[in-house]
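Asker: This structure is in structure tokens; I'll ask about it shortly.
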Amino acid sequence: MINLKIDGKDVQIAAGATILEAAEKLGIKIPTLCYLKKVSPTGACRICAVEVEGADKTMTACNTRASEGMVITTQSERLATIRRQVVELLLVNHPLDCPVCDAGGECELQDVCYAHDVTRQPFGADDVNAAVIDHWPLIQQVPNRCIMCEKCVKTCHETIGASALFISEHGDKAFIDKALEKCEFCGNCVQVCPTGTMISKPFKFKARPWELRKTASVCTLCPAQCQVDLHSKQGKVLRVTADDGVTVNDGNLCVGGFFGHDYLNSEARLTAPQIDQQPATWDAALTKVATTLQQIRDEQGGQAIAGLASPHLTNEEGYLFQKLFRVGLNSNNIDSEARHNALRSAKVLRDQLQLAGSSNPIDRIGQAEAVLVFGADLRSEAPAVNWQVQLAARKRDARLLVANQRRVRLTDQAETFLQYRAGSEAWLAAALAKLLIDKGQADNDFLSRCVANRDELDAYFAGFDLEKACEATGIALPLLEEAADYLGRSSSVAIIFGRDVMGCTQAEAAVASLANLALVCGALHGDRGGFFPIPAKGNTQGLLDAGIAPECLPGLQNYVSAKDKFAAEWHVSLPEGGADANGILEGIEQGKIRALYLAGANPLTSLPENNRWRKALQKLELLVVQGILTSDLIPMATVVLPGAASSEKRGSVTALDQRVSTLRIAVEPPGEARPDFAILSDLFARISGKPEPSLSAVGRELMNLSGSYADVCQNLAQRGSCWKQSYAPDDRSLKAATPELAAVPATELQLLVGKCPFHFGTTTAFSAANRELAPEGLILINPADASRIGVANGGRLTVTGPVGKASGKVMIHPMVPSGLLAAGDNFTDMNILQILPAGSNCVAVTATRN
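According to this note's numbering, the sequence shown is numbered sequentially starting from 672.
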């Protein structure tokens, strides 16, 4: 610690801190314009000039380190003159277009001018500013408004990791330019810009800031669930922002959070109930649903009724959905799209590690000494997790390891890139654990204390064949040893894995092997690093916690063992057995299931083998479609129930790191649409004969019965968010796995189905901004494979898989290895999921040019 004096006040601060940080500790405000706490200081604007005793010239407080015994003055006539002249120089050739500038009313330059009594432009110079840059998608750049603070450049590079923005030209001709191929269109350059240089095109001229109503909430497009402010006017959300320093995402947003909200205002929104494609009243629609379900239940039993729910539901809605089926309809035929990815992972982690999700909050990733990103494209799947990896790797010198079938953005930053063969995920994770044990780098204290079957673990790895692992993965032993050594030499490790692992053919074995690796390398203890599964959709964690699966009750409790407890609490006899998504499909095909309730779910776009689903749905006696946007389901539906989006309803949601947050109403649902909880509550009362449950009562019931929400604070509504109980396993409570690893088949060409980086589910296909960036589905192909097939960039390819075929536009891309195609599942026009069988996101295919 060092001691210094600022404006006559003594302060003590850590060595290496700046004068500005020392002043902040005292509550002394030094004016700034280019300073941004989350990036390295630039010292470009010079407005933070201070006087340091003994120094001939003023010093910039933002990037001058404090030293022992410094005596600093922050306010004087001399400083006031210097700061005023600095601002006047910034205004040289700055246009006086505040009335039509989107930053008007929230412009930091305006505020600084006012604070320093800058009322004139005494200086002049030739105007050599570059012309307005209008060819960038979604963002306009107005160079003559720019003060060259470099906030946007540093945020893009240091925080987001895109490194798309750069300074072009020199001197007074300098301006901010962009490498479009690197841009993630996250909008953070717009957010950090202190003037109106960076402008959001979709928001331009829509409203002045003082006209907007600001509502604090969370974004539910991805499982990281960033904290946001929704800005609305006249019943429409017009923009989304986030504040630095006070949000879990530190003010950062991604392309979905910043630009993806336009689906809320889409003409495709469902606005009124329908019966047999005709408008209906709510009472008629709900009566039709309730009476038909009751009739089928009474005639054939609850096994003739099934339901699929969506990660778009809140925790309370998901809980009430499963209770409606189990209590009201005596049916345990309930499931979701998580069946094919996140649920497979969750059950393994529950049984092996007693984990219901991540072991730590995601900000602990940024504090880890080593980070392993396994089978995940974080830029696409969970950008907020990527920002934590950037913090760890770029600012704190963490060792970054990336394991993937293809090159992803993070690959270029990685110390070690482990490019494995499709289907060898379990082999790779096991090989790393084996090497740590063999080289004496395992976390033996933790293993001995917490793992009940340590002997089985040791025996399993004693017989593990590294040579076979190298053959299966296609990775040379020295590279595996290098990666293992990075993990072994680090005192804290973060392991992050995504949908490539959760959805692969041997997902259970792969997750079990990763769990073993987490046990061995020490990722599961301490408050730095951790174990982080990344589910596919926004509230997938809440959906799993709600118990929407036939084998799970709320809190991921085993249905068979916990059934009696819930039956007693609910005062009913719960049904035996139950069909999952695959069983529901078979049941409809066989005529055993007569009614299907879709609560925000769409099997035609979110489930594999969806051509089978399309045919099966036509056999139903009752198809209830509850959702917010039109789709191919609507013409097939018996009853349509228009629901509400996350910004139009209350409730709670759970992020991938166990953070529970409350949604707040920013705007009302369009037309006659209702919040999903209100729909389910009404139906529950009609079918069960019990009073309509309230949102707060269902929330309390979820917390009390699920177990995993026991520590969620009761004043959640006031605080906005809080974490579930921290992960602290008891002695000998964990179990190492001994999975049997299957051989990896050799195939000429495989297709990996993932996610488009500019879309989130199919929802953002209804947002104009996201469609501008990615209007249609693409099939990525290696140049060598494209040449062999004879397809050109922009041409079309038909891909035939085990259960169907799909056609799409080709993008030739070297980041995809030869022998692998990649496509996103966000596009209904391509509908790539139609070629996948249940249980695998990577399959052998043939490809032909159209």
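For every residue, glycine included, the Cβ atom is placed at its ideal position computed from N, Cα and C.
What first and last residue would you give for the beta strand (DSSP E) that runs through R879?
Answerer: First-last for R879: undefined, no H or E at that position.
Asker: CB-CB under 6 angstroms to Q1084, same chain, minus the five flanking residues each way: which ones, in chain order?
Answerer: So the qualifying residues of the chain are A1064, L1071.
Asker: Give the single residue among L760, D1198, A895 whose Cα lies nearest to the Cα of D843.
Answerer: Residue L760 is the option with its Cα nearest to D843.
Asker: State the DSSP-derived secondary structure class of F1498, mapped to helix, strand or coil.
Answerer: Of the three classes helix, strand and coil, the one that applies to F1498 here is coil, per DSSP.
Asker: May I ask which residues mark the beginning and end of the alpha helix (DSSP H) holding Q1059?
Answerer: Start and end: 1054-1061.
Asker: Could you tell me which uninterrupted alpha helix (DSSP H) segments, each at least 4 residues in length, are contained entirely in the region 1006-1071, listed from first to last along the chain?
Answerer: With a minimum length of 4 residues, the continuous alpha helix (DSSP H) runs that stay inside the region 1006-1071 are 1013-1024, 1049-1052, 1054-1061.
Asker: Tell me which same chain residues have a C-beta within less than 6 angstroms of the C-beta of T1418, skipping the five on either side of it?
Answerer: These residues qualify, in order along the chain: A1515.
Asker: Alpha carbon to alpha carbon, how far is L883 from A1413? Give it in angstroms, no decimals.
Answerer: Using only the alpha carbons, I get a separation of about 57 angstroms.
Asker: Are the Cβ atoms of N800 and T826 separated by less than 7 angstroms?
Answerer: No, these two residues do not count as a Cβ contact at 7 angstroms.
Asker: Can you give the Cα-Cα distance for Q965 and L957, rounded to whole angstroms?
Answerer: Each residue's Cα considered, the two are about 12 angstroms apart.
Asker: Look at the alpha carbon of G1046 and the alpha carbon of K676, and state the distance between them as a whole number of angstroms.
Answerer: Roughly 52 angstroms separates the two Cα atoms.
Asker: What ranges does the beta strand (DSSP E) occupy inside the region 971-1007, keeping only unbroken runs of at least 3 residues that lie completely in it?
Answerer: Complete beta strand (DSSP E) runs here, min 3: 976-980, 1005-1007.
Asker: Sorted by chain position, which residues of the same chain lie with C-beta nearer than 7 angstroms to A685's C-beta, five sequence neighbours on each side aside?
Answerer: Excluding sequence neighbours, A685 sits near M672.
Asker: According to DSSP, simplified to helix, strand and coil, what is Q1212?
Answerer: Reduced to three states, the DSSP call for Q1212 is helix.
Asker: Taking the alpha carbon of A1039 as the point to measure from, which residue in R940, R1199, A1100 has its own alpha carbon closest?
Answerer: The candidate whose alpha carbon is nearest that of A1039 is R1199.
Asker: Please state the DSSP three-state secondary structure of Q862.
Answerer: Looking at Q862 - three-state DSSP - the assignment turns out to be helix.
Asker: Is DSSP giving M1528 helix, strand or coil here?
Answerer: As displayed, the chain neither begins before 672 nor continues past 1521, which places residue 1528 out of reach and without an answer.
Asker: Roughly how many angstroms separate the alpha carbons of P1313 and E970, rounded to a whole number?
Answerer: Distance between the alpha carbons of P1313 and E970: 29 angstroms.
Asker: If you reduce the DSSP assignment to three classes, tell me which class C1393 lands in.
Answerer: Note: C1393 maps to strand in three-state DSSP.
Asker: Short of 6 angstroms in beta carbon distance, which residues of its chain neighbour D1456, apart from the five on each side in sequence? Order them along the chain.
Answerer: Only S1489 meet the Cβ criterion.
Asker: Check whether the Cβ of A1220 lies closer than 7 angstroms to any Cβ atom in chain C.
Answerer: Given the protein chain composition of this structure (a single chain), no chain C is represented.
Asker: Around the Cβ of T1433, are there at least 16 other Cβ atoms within 10 angstroms (buried) or fewer (exposed)?
Answerer: Buried, by the Cβ-count rule.
Asker: Does I743 pass the burial test, meaning 16 or more other C-beta atoms within 10 Å, or should it be called exposed?
Answerer: The residue in question, I743, is buried, as its Cβ has 16 or more Cβ neighbours within 10 Å.
Asker: Which residues does DSSP pair with T1471 in a beta bridge?
Answerer: Bridge partners of T1471: K1476, T1517.
Asker: Which runs of the beta strand (DSSP E) spanning at least 3 residues fall entirely within the region 777-839, listed in chain order?
Answerer: With a minimum length of 3 residues, the continuous beta strand (DSSP E) runs that stay inside the region 777-839 are 810-812, 836-839.
Asker: I'd like to know if the region 1091-1110 and the region 870-884 are in contact, where contact means that at least 3 CB-CB pairs between them fall below 8 angstroms.
Answerer: Touching, no.
Asker: Based on the DSSP secondary-structure assignment, which residues constitute the bridge partners of F1202?
Answerer: Answer by DSSP bridge pairing, in chain order: I1166.
Asker: Quick one: using the 10 Å Cβ neighbour count with 16 as the cut-off for buried, is T952 buried or exposed?
Answerer: Counting Cβ neighbours within 10 Å, T952 comes out exposed, since fewer than 16 surround it.
Asker: For the beta strand (DSSP E) containing G1425, name the first residue and the last one.
Answerer: Start and end: 1421-1425.
Asker: Measuring only the C-alpha atoms, how far is K1236 from A1439?
Answerer: About 48 angstroms.
Asker: Hey, could you find the ends of the beta strand (DSSP E) M672 is sitting in?
Answerer: Premise fails: M672 is in no beta strand (DSSP E) and is neither H nor E.
Asker: If you count every other CB in all the chains shown that lies within 10 Å of the CB of Y785, and 16 or more means buried, which is it?
Answerer: Exposed, since its Cβ has fewer than 16 Cβ neighbours within 10 Å.
Asker: Under 8 angstroms by Cβ, that's how I've got S1029 and P1204 pegged, so tell me the actual separation to the nearest angstrom.
Answerer: Contact holds; Cβ gap of about 7 angstroms.
Asker: Would you list the one or two residues that DSSP bridges to S903?
Answerer: In DSSP, S903 forms a bridge with R884, V908.
Asker: In angstroms, rounded to a whole number, what distance separates the CA positions of A802 and I699?
Answerer: Approximately 40 angstroms, taken between the alpha carbons.
Asker: Across the region 1166-1179 and the region 1101-1121, are there enough close Cβ pairs to call them in contact, namely three or more that are closer than 8 angstroms?
Answerer: Short answer: they don't touch.
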